[in-house]
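This report refers to the structure that appears directly beneath it.
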Amino acid sequence: MKRLITATILATMMAGTALADTTLKLVEVITSPERTETLKSIVGKFEAANPGTKVDIISLPWNEAFQKFATMVSAGDTPDVMEMPDTWLSLYANNGMLESLEPYLAKWEHTKGLTPRALELGRDVKKTAYMLPYGFYLRALFYNKKLFQEAGVAEPPKTLDDFVAASEKVSKLPGKAGYCLRGGPGGLNGWVMFGATMAGSNKFFNDDGTSTMNSEGWAKGLEWVVDLYKKGLTPKDSVNWGFNETVAGFYSGTCAMLDQDPDALIAIAQRMKPEDFGVTKMPAGPSGKAFTTIGFAGWSMFTTSQNKDLSWKLIETLEGPEGNIEWNKRTGALPVHTSAEKDPFYAGEQFKGWFEELADPNVVPTVMPTYLEEFAFFKDSLAIKTTQQALLGDITPKELADQWADYLTKAQQKFLAKK
């Protein structure tokens, strides 16, 4: 009897030790100090609600995140939960690395409160929720009212021609430029947006899988961006600019226009007076339409997780209405819960430009072909290298368009062959 009691005590102690030692690994990839602090705050609530569980947050710098995370995965160092950008989803989901969230969503009390778009995009691969989006990133145009007034620009540009004209006027001011070009990491959105707007279509492929990137309209749009740089309408060093540099270029008054998602509001609103800047719709092209990119990011669970139910609880905490709205107020994404529409935060003047875009039939939200496994490499490696070469004159805009078309044609035709 004494041995049985001793064994029971030891078993209980071991169970308690195991519980206390439960650690989940969470990888953040779209990293900034503000985002990381917000993430820690929400995770802290999860840890408090689940005694004995700790979450190890690994924050990868966005400019290097794709390569660094790929290296982690190659070494078998996979997380339980990770922040999944839309452009990476296909790569990891199609390789069997992500857990389907469908069984959890079927039982979750908040699934019905998600916007239809959130569920649609989360099921982008094999119509299965390998990711639960936490928010949407829709491009709109920030403009500096004071610089516009100083340069004699009467109103924000409504067309691409207006955009160039405004850029030319601002660039005549000493030390100023019209446009905050994102020539470095994450710059693909701008190229795609202006390419599609010039072409009057956001169709990426023909029926036979050939890319439209080197068609006349798209190629003209890519050349249009290169010309902005070569004519000095963007800062010279913007060839290397990423997110932080473009946003700083705007709020410092170095350049007067910036195409960005709502997350740029965080830094801009902290450093500029509300009356000194505005947010409006992206300018239209020759067709009368603008094709502004819409992206998304969310939370995914890896199949290698040894604590899947606990990992889902973490996603629940991050993705539930309370955690999701807190997260998006600090990160700037548009929330995925329909209840967020009633929040006074999103009814303010600062969000007017994005909601105008969503309501305007001539502004077409454009989702890039993230379903292609090869797209992550294209966006985070090939596109950066080739656009910088084009901006610096090492290749022509036509060669840029042809390289993109060649790469994407092979990827799309491979995808079609598997269907």
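Take the sequence shown: its letters are residues -20 to -1, 1 to 399, numbered as in mature numbering (1 follows the signal peptide of the UniProt record, and there is no 0).
For every residue, glycine included, the Cβ atom is placed at its ideal position computed from N, Cα and C.
Bear in mind that the values here come from a model prediction, so they are computed numbers and not experimental data.
In the DSSP assignment, Gln369 falls within the unbroken alpha helix (DSSP H) covering Ala363 to Leu371.
In this structure, the alpha-carbon of Gly222 lies about 14 Å from that of Thr214.
In the same chain as Leu338, and ignoring 5 residues on each side of it, the C-beta atoms closer than 8 Å to its own belong to Leu118 and Pro345, in chain order. Counting the other CB atoms within 10 Å of its CB gives Thr177 a total of 16 or more, which places it among the buried residues. Closest by C-alpha distance to Gly180, out of Pro263, Thr58, Lys309 and Asp241, is Pro263. For Asn224, the enclosing alpha helix (DSSP H) has its first and last residue at Phe223 to Tyr231. Annotation for Met62: the continuous beta strand (DSSP E) segment containing it runs Val61 to Pro65. With fewer than 16 other Cβ atoms inside 10 Å of its own Cβ, Phe325 counts as exposed. In the assembly as shown, Asp66 is a buried residue. Its beta-carbon has 16 or more other beta-carbons within 10 Å. When rounded, the separation of the alpha-carbon atoms in Glu14 and Ile295 is 20 Å.
Ser319 is not a Cβ neighbour of Gly115, given a cutoff of 8 Å. Within the DSSP bridge table, the entry for Pro113 names Gly278 as partners. For the 8 Å CB-CB criterion, Ile248 and Phe122 form a contact. Residue pairing by DSSP places Phe185 opposite Ser191 in a beta bridge.
Scanning the segment 233 to 277 from its first residue to its last, the whole alpha helix (DSSP H) runs of 4-plus residues come out as 245 to 251. Non-local C-beta neighbours of Met281 in its own chain, meaning closer than 6 Å and more than five positions away in sequence, comprise Val61, Glu79 and Ser291, ordered along the chain.
Residue range Pro13 to Ala29 is occupied by the alpha helix (DSSP H) that includes Gly24. Shown here, Lys48 sits in a helix according to DSSP, grouped into three states.
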